[in-house]
Each structure stands twice: as structure tokens, then as C-alpha cells.
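Enquirer: A single structure is presented below for examination.
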């Protein structure tokens, strides 16, 4: 943390230590994040409705407003919940996390839980299944995040909260009309070659068999879905001494193909599944907190 | 390329081979790209004005319209120029490039030049300087792009067009009021630790001296600016047999600090500098092409 800075400008969020960060963000307890701008706006509206109807004593806005002052992210605050997008991939995610972690520290926030609400490619699960991550692993199925720093490849443990994952899993009801499973999530640096797809522009140097061998190995190691941010998020949030969980819906089963061919309306309905489970979890935790006060 | 697909859905662009890709995109000759959505919309408007006033015989729209059918990117077509954003980082960039390269092939486009119009941190150059990339290098100052594929770290040459870089450099006029230099550009996977910044949330394991030693080594190797996409773009575009160039303005001199403290209005004016040089280059090439017909 930049202790020597007189003023710290969080460049990609557009907020600085000259702003009233404590007054604006001091009550945050949950950072909910996902790739898409639209999805995080929808989640902000959804959680506003859920919290408004919850009977909890909360300081809620009447509508949601984008608080990000650059065009790099969108960011909504709904009482104790920040809904912010991270773009696609770990580099974009790491920029957001650096600046949000600093923002939380300046605002004096404690006991914050980060939850990624994502989309993913399933591995051996039915399309529409929600995967709650046990271990966030890299391309070698190891729970680490690697980043070159000052000319050297650094490696950190990618640690998630087992307790939070289990509590989110418990929010799933057999009547919900979809499956929710615990499993490992593989984070990659690309959607095409990086995930062994054969429908990219430059994938002509490996075969269907090579792809299936890799996906089968992933499945045998415990991987149930593939996305592009998990191990970065797990590592950075745990290094900052906060807890993290990852809840993604699988848009397809990669053991059966590469293309996302499900109609847009169905995909949008599926994207609401992680939101539903996470909203239930947030209400439960806020009620526990209020009961303990 | 996915030859066996009956229909190819370019998921993050929202276009497929069921659309009239040839009729809509068949005349493209330049793909201009940058991280920010706003910047690429501004560039689309700017190049529309420049091309309208150029006297060239072109099929131009009366205004610009976002043609991306998902919220992952924005994409504008202005005659032979596509202006599309790539988000932040190589993973986000590689998704866009995979789908745009496929789109160009389906549309039958030939001799396309890709140009990144970016922002960057300068290394030993004055803030506001435009750096035109000679070599796009990685964190070891090597002109390669690395990506794990099917469990193995793959490495490709990151090759840019020297001819295009030099021609863009020639568009710079000593009366422009800013410097334009040729130099190497380092692509990193993060903005904070990945670029040796000390103002990130988790940078407490290295010192100012460590940072300066690394930045000085980068400078001695020929690096004049740091960004987060260059070597991925260079590698992928050359693998697809198109030409690429990278033209970035330096928002600060990293040898003098980490924070971007220049006022927003000044930064926005600086962002127009790469656009100006690239617009001149595009007009020149289109005039040459028309004269040769």
C-alpha cells in the first residue's frame, strides 16, 4: 500500500483519497463482481429489490447509479453491497481488485466478502448448472496465480473461503429447477486456444483428440468449469486478508462442444441463477449480523 | 479456423455466419483498436470526419453506430475502418482478435492492417509523447507472446510491421506540438505489480530501488513505454497473416513516478495524438490505393 502518497488517485475507478471514501463506502460488506457491465447493473437492481423486501434495517438508495468515474468499469453501491464489473481476464480483474482493495482500506471497511458471479464453460456438467468453486486452479490444475513482477514469474496460493462456498451452496433448494455443485474452477488467459477450443482463428495445431484428452484430465482433477479470472481473484483477495467465493453458471458442457449456441434469452435466465443464490446468502449473513448486534 | 462448423457464432461480437458478413464488412482495410469504449467511439467519429473531408470515394455512414451485439466490446464501422475496443489486458484482447480475424476471413477481407491506438506509461519519455512500437516485448524484454494451451506454455514471435510503423512515424510533423518516437513497447499482465508500481494494494515486497533497477533495465533494452496488450496483438495478427502496428501516447514517465496525476482534460487531448497520426496514415494509404486502381 502506498503509504508515502499524499493523495492516492484510483485511476481506473476515478476516485481518490480527496473524496469522502469513508462516508461513501464505509459500510460495504460485500463486493460482488462479474465480467459484464450489463450483468452487474442487473445484479445491482436485483439485490436492491431483494434487500428492500428483506425487512433488514439498511441505508438503501431508491435506484442504482453507476459510481465509476471512468469508462473502464461500472460500479453500483446498494447499501452494504458493491456490484462492480471486472471485464474479461485476470489483467483487467487485477486492476479492479487493486483499486477496490485500496478503496475498502481507505474507507475503513472490515470483514468484506468478495463474490464473483460469473459465466463459464462447464466440464462434465449440464448447461445451466451453477458451479460453486472449491479450488480455483490454473492451467496445470494447481491452485496458484502466477504473474511476472520485475522480470520474475511470481506465484501465489489461490485461496478461497470453504465456509463461504458451503454457505452459498446451502442456499440452493432442490425446487430451484437447476443443479448447484461444488467443484474446481480453472482460470485461463484466453477463451479459444487457452481453453483448448477448436473454433478459434488460430487453433489448427491441435486436434479434437488433444482437446478431449486435456478436458478429461481437467475433469479427473476435479475441474467442473473453466473461466478467466478465478485464481487471480482468489489469490489477490486472500492476500488482502478478505474472503472470496466464486459462483458461476456453466453456459455449455465443453465435453460436448465449443460453441455457445443456447439462445440469448435462456443464457440471460441462467445468469440469474448465481445471483439468486448469492442474494439469499447476503440476506442470511446480514440477518445474522443484525441479530448479533 | 473451425472448418467443420455449419454455423460459426462469434459469441462476444454477437455476429454469426448466418449474417451477411461479406456484405457488411467485406470492404474493411483497417482494424483500429484500443482499450477504452469511449476512445474507440471518439475515434470512429473522428475518422468519419477526416474521411468525409478527404475527397476519397468511399461508402461512408452519416453517423457512427455500435455494431457489437454483446456488451463485451463496442465496434463501429466507418467505410474501410473498423474501430473496436479490446478492453484491458491480453486475454480480453485475444478474444476480440480471434473473433475479428474470423469475421475478416468470412467477409473475404484482404490486406488488412491492425493498429492499436493506446495509452501507456512512458519509460524515459516526456508525458504526452507518442510511442510507435518497433518491437512488442514481454516482461523479459523479448519479442514473444506466451500462452498456456492444453497444459503447456506456448510461445510465439510477436512481430509487427516495420513498414507500417515507419509510415505512421512519417505522418508526424515537427509543428504538431508533441514528440513521436520509435521504441520498444513492453506488454504486461497487470497495471500495478506487473508494471513494478509501488502504489498498488499488494506491492509491499519490493522497494523503490527494485522498481527503478527494473525500469532502467527496460529502458536500456530499448523499451520506451509499457502497456498491457502489445505482444499479444503483434503475435496474433502476424500469425493470421495480417500486418500490425501499435501507436500509444505515454500518460506519464515511469522513471519519475507511478501515479497518473495529469488532469483528465489534458489526458483526453493527449489521447487524440495517436488518432491524428493514424488518421493521416489511413488517408495516405487509401489515396495510394485509389491512385493505383
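Residue numbers (the working numbering), protein chains in the order written: chain X, 1 to 293; chain R, 1001 to 1293.
Glycine included, each C-beta is placed from N, C-alpha and C at the ideal position.
All values derive from a computational prediction rather than experimental measurement.
What would DSSP say about residue 1001 of chain R, mapped onto helix, strand or coil?
Expert: Unreliable placement is indicated for residue 1001 of chain R, whose pLDDT of 48 sits below 50; the coordinate value is still reported in the next sentence. Reduced to three states, the DSSP call for residue 1001 of chain R is coil.
Enquirer: If we define contact as Cβ-Cβ less than 8 Å, is residue 124 of chain X a contact residue for chain R?
Expert: At a cut-off of 8 Å between beta carbons, residue 124 of chain X makes no contact with chain R.
Enquirer: Do residue 158 of chain X and residue 231 of chain X have their C-beta atoms within less than 8 Å of each other?
Expert: yes
Enquirer: For residue 275 of chain X, collect the residues of the same chain with a Cβ closer than 7 Å to its Cβ; drop the 5 residues on either side in sequence, then sort them by chain order.
Expert: 43, 46, 117
Enquirer: Within 10 angstroms of the Cβ of residue 61 of chain X, are there 16 or more other Cβ atoms? Answer buried if so, exposed if not.
Expert: exposed
Enquirer: Let me check understanding here. Comparing Cα to Cα, which of R:1120, R:1105, R:1126 lies closest to residue 1089 of chain R?
Expert: R:1120
Enquirer: Under 8 Å between the Cβ atoms of residue 123 of chain X and residue 21 of chain X?
Expert: Judged by beta-carbon spacing, residue 21 of chain X lies beyond the 8 Å limit of residue 123 of chain X, meaning their Cβ atoms are not closer than that value.
Enquirer: Judging by CA-CA distance, which residue of X:192, X:212, X:213 is the nearest neighbour of residue 203 of chain X?
Expert: Checked all of X:192, X:212, X:213; the closest Cα to residue 203 of chain X is X:192.
Enquirer: Under 8 Å between C-beta atoms, does residue 1005 of chain R make it to chain X?
Expert: yes
Enquirer: Determine the DSSP secondary structure at residue 77 of chain X, reduced to helix, strand or coil.
Expert: Looking at residue 77 of chain X - three-state DSSP - the assignment turns out to be strand.
Enquirer: Of the residues that make up the segment 92-114 of chain X, which ones have a beta carbon closer than 8 Å to any beta carbon in chain R?
Expert: 92, 94, 95, 97, 98, 99, 101, 102, 105
Enquirer: To the nearest angstrom, how far is it from the Cα of residue 1001 of chain R to the Cα of residue 205 of chain X?
Expert: Below a pLDDT of 50, predicted positions are generally treated as unreliable, and residue 1001 of chain R, at 48, falls in that range; the measurement from the model is reported next regardless. When rounded, the distance between both Cα atoms is 10 Å.
Enquirer: Starting from residue 93 of chain X, trace the alpha helix (DSSP H) both ways and give me its first and last residue.
Expert: 90-106
Enquirer: Would residue 254 of chain X count as contacting chain R if we go by Cβ distances under 8 Å?
Expert: no
Enquirer: CA-CA distance, residue 1178 of chain R and residue 134 of chain X?
Expert: 52 Å
Enquirer: What residues in the segment 1189-1211 of chain R bring their beta carbon closer than 8 Å to a beta carbon of chain X?
Expert: Residues of the segment 1189-1211 of chain R with a C-beta atom less than 8 Å from some C-beta of chain X are 1189, 1190, 1191, 1192, 1193, 1194, 1196, 1198, 1199, 1200, 1201, 1202, 1203, 1204, 1206, 1210, 1211, listed in chain order.
Enquirer: Could you name the residues of the same chain whose beta carbon sits closer than 6 Å to that of residue 1280 of chain R, not counting the 5 residues immediately before and after it, in chain order?
Expert: 1171
Enquirer: DSSP state of residue 20 of chain X, grouped into three classes?
Expert: Looking at residue 20 of chain X - three-state DSSP - the assignment turns out to be coil, as it is neither helix nor strand.
Enquirer: For residue 1116 of chain R, which beta-bridge partners are listed by DSSP?
Expert: R:1033, R:1246
Enquirer: Classify residue 1287 of chain R as helix, strand or coil using the three-state DSSP reduction.
Expert: helix
Enquirer: Cβ atoms of residue 237 of chain X and residue 137 of chain X: under 8 Å apart, would you say?
Expert: no
Enquirer: Roughly how many angstroms lie between the CA atoms of residue 92 of chain X and residue 1038 of chain R, to the nearest whole one?
Expert: 17 Å
Enquirer: Spell out whether any CB of chain X is found under 8 Å from the CB atom of residue 1001 of chain R.
Expert: For residue 1001 of chain R, the predicted structure reports a pLDDT of 48, less than 50, and the residue's modelled location is therefore unreliable. The matter cannot be settled from this model.
Enquirer: Label residue 287 of chain X either buried or exposed according to how many other C-beta atoms from any shown protein chain fall within 10 Å of its C-beta, with 16 as the threshold for buried.
Expert: exposed
Enquirer: Let's test the definition: count the other Cβ atoms within 10 Å of the Cβ of residue 77 of chain X and tell me whether it reaches 16, buried, or not, exposed.
Expert: buried
Enquirer: Which residue comes first and which comes last in the beta strand (DSSP E) that contains residue 1145 of chain R?
Expert: 1144-1149
Enquirer: Applying the criterion that 16 or more other CB atoms from any shown protein chain within 10 Å of the CB defines a buried residue, is residue 1297 of chain R buried or exposed?
Expert: This structure gives no information on residue 1297 of chain R, because the portion of chain R shown stretches from 1001 to 1293.
Enquirer: In chain R, which residues lie with their C-beta within 7 Å of the C-beta of residue 214 of chain X?
Expert: 1150, 1151
Enquirer: Determine the contact status of residue 1168 of chain R and residue 1277 of chain R, defining contact as a CB-CB distance below 8 Å.
Expert: yes
Enquirer: Rounded to a whole number of angstroms, what is the C-alpha to C-alpha distance between residue 1294 of chain R and residue 1147 of chain R?
Expert: This structure does not reach residue 1294 of chain R, given that chain R is present from 1001 up to 1293, and the question cannot be answered.
Enquirer: Helix, strand or coil, according to DSSP, for residue 14 of chain X in the structure here?
Expert: Of the three classes helix, strand and coil, the one that applies to residue 14 of chain X here is coil, per DSSP.
Enquirer: Output needed for residue 9 of chain X: all residues of its chain with C-beta closer than 7 Å, excluding positions within five of it in sequence on either side, in chain order.
Expert: 16
Enquirer: Measuring alpha carbon to alpha carbon, tell me which residue in X:181, X:198, X:173 is nearest residue 256 of chain X.
Expert: Closest by alpha carbon: X:198.
Enquirer: Could you list which residues in chain R have their beta carbon closer than 9 Å to that of residue 259 of chain X, in chain order?
Expert: 1002, 1005, 1007, 1008, 1009, 1011
Enquirer: Is the beta carbon of residue 30 of chain X sitting closer than 8 Å to the one on residue 104 of chain X?
Expert: no
Enquirer: For the candidate residues R:1111, R:1212, R:1145, whose alpha-carbon lies nearest to that of residue 1186 of chain R?
Expert: R:1145
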